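Be aware that the sequence shown starts at 83, since it is given in our numbering, and climbs by one per residue.
Glycine residues also receive a C-beta, built at the ideal position from the N, C-alpha and C atoms.
Remember, it's a predicted structure, so these values are computed and weren't measured experimentally.
Beneath this line is the structure, given in structure tokens, with notes to follow.
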Amino acid sequence: MSHYDLYAIGNALVDSEYEVSDAQLKSMGVDKRHMTLIDTPRRAQLLEHVKAIAPRQTGGGSAGNTVVALAQLGGKAFYSCKVAHDDLGDFYVKDLQARGVDTNLNHTRASDGQTGSCLVLVTPDAERSMCTFLGVSAELDDTALHPKDIEKSKIYYMEGYLAASPTGLAAALKGRQIAREAGVALALTLSDVSMIQFCKAGLDAMLGDGVDYLFCNQEEAQVWCGSQDLNVVKESLKKLAKMVCLTRGPDGSEIITAQASWHVPAEKVKAIDTNGAGDMFAGAFLYAITRGYSPEQAANLGNHAAAAVVSQHGNRLTLGQLSTIKAYALPTLK
């Protein structure tokens, strides 16, 4: 019997979210809509630009957002990651514990360095641009893995951002091998266009001979496939996974398999902040799948959860919000 619905590995980052204008974003030299890795001097430079703006601080990291969403919906999740012994590290550990997510951080933490952080810059059109300082998360390695817990999970989930870290990639691949040998389903998120452009070899390694679930948004899919034609994109993606979840913002989502594909419409909302939308979709989708719902039902829950998170500022929803969404977006299983 599976102990965890989802075992994930990814970067542990504390998000600091700032509302900025397009002019401010341009003056900061930040690439809009994408994630950019930054070092300590660049982080200090960017913080100087936004020092007059009060940020919202939350636990983050792509896979971290996904496991939290699944846990808040009522699933059981484990997260392998790395933080330092500092204030942000303490914040991150307490955040996971408060959300009901089990983690290796209960046993191991880096003694030196800084916990990873992400400056999330949100413009009036709701687009988020991320500047990520990995800190000790760049040193994530296979000591963060709990092999016996991977073996007892239904799904092993890899964050595509780990393609940028040699040790993080190696850890994700070791976990993948453990999961594959134990018959655990594999899932991967492509994470960001920048990963496809600069770290595709790492993503290819995580894909290996294919995964069970692949998550990507429309822009990522088009860049990966080298085509703007959605029909061409869908034909190409179905070769990578047994099931592909292609999110398309206000156009909903596409669930693609070798046999068929389904379009699941989105809820109509006014987007304020798109940070965390794809992560939220993945967490909700995988929660429903591990509960026996159909892919279409799972995507419907994912669409509603993602719509709720883009309708507010911040990358997380409350337990109450997700409980309400689950009640009206999922039918009762007999």
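Nearest-angstrom Cα separation, counted from residue j out to residue i
| i | j | result |
| --- | --- | --- |
| Tyr-239 | Ala-342 | 24 Å |
| Lys-416 | Lys-408 | Here the model assigns Lys-416 a pLDDT of 43, short of 50, so the residue's position is not dependable and the matter cannot be decided. |
| Asp-121 | Pro-229 | 32 Å |
| Leu-128 | Ala-134 | 12 Å |
| His-131 | Thr-205 | 15 Å |
| Gly-143 | Asn-313 | 31 Å |
| Lys-352 | Gln-394 | 9 Å |
| Ile-338 | Lys-350 | 23 Å |
| Ala-431 | Thr-249 | The structure shown has nothing for residue 431, since the chain only spans 83 to 416. |
| Ala-287 | Leu-227 | 18 Å |
| Glu-99 | Ala-366 | 23 Å |
| Val-266 | Gly-257 | 10 Å |
| Asp-207 | Ser-273 | 21 Å |
| Asp-194 | Asp-311 | 48 Å |
| Ile-232 | Leu-251 | 16 Å |
Supposed close pair residue i, residue j - CB separation, criterion 8 Å
| i | j | result |
| --- | --- | --- |
| Lys-234 | His-116 | Going by Cβ atoms, the distance from Lys-234 to His-116 rounds to 36 Å, so no, they are not a contact pair. |
| Thr-185 | Asn-397 | So it is not a contact: roughly 18 Å between Cβ atoms. |
| Cys-327 | Ser-318 | Between Ser-318 and Cys-327 the Cβ distance is about 15 Å, and since that is not below 8 Å, they are no contact. |
Contacting residues, own chain, Cβ-Cβ under 6 Å from residue i (five flanking each side not counted)
| i | result |
| --- | --- |
| Ser-247 | Ala-220 |
| Arg-330 | Gln-300 |
| Ala-388 | Ala-359, Met-362, Phe-363 |
| Gly-308 | none |
Local conformation of residue i per DSSP, three classes
| i | result |
| --- | --- |
| Val-275 | helix |
| Gly-421 | One cannot answer for residue 421 here, as it falls past the ends of the chain, which runs 83 to 416. |
| Asn-188 | helix |
| Tyr-161 | strand |
| Ser-318 | helix |
| Asn-299 | strand |
| Cys-200 | strand |
| Cys-281 | coil |
| Lys-416 | Low confidence applies to Lys-416: its pLDDT is 43, below 50, so where it sits in the model is not reliable enough to give any reading. |
Residues of its chain near residue i, where Cβ-Cβ distance is below 7 Å and the 5 sequence neighbours each way are ignored
| i | result |
| --- | --- |
| Gly-92 | Gly-143, Ser-144, Ala-145, Gly-146, Cys-163, Glu-241, Tyr-243, Leu-244 |
| Arg-181 | Val-150, Ala-153, Gln-154 |
| Leu-107 | Lys-114, Leu-203, Thr-205, Ser-211 |
Cβ neighbours of residue i in the same chain (closer than 8 Å, five flanking residues each side left out)
| i | result |
| --- | --- |
| Leu-368 | Asp-87, Leu-88, Thr-148, Leu-152, Gly-157, Ile-237, Tyr-239, Ala-269, Tyr-295, Ala-380 |
Closest Cα partner of residue i within the set the options
| i | options | result |
| --- | --- | --- |
| Met-325 | Pro-332, Thr-271, Val-102 | Thr-271 |
| Gln-179 | Asp-169, Asp-168, Phe-160, His-167 | Phe-160 |
| Leu-203 | Val-391, Ala-370, Thr-356 | Thr-356 |
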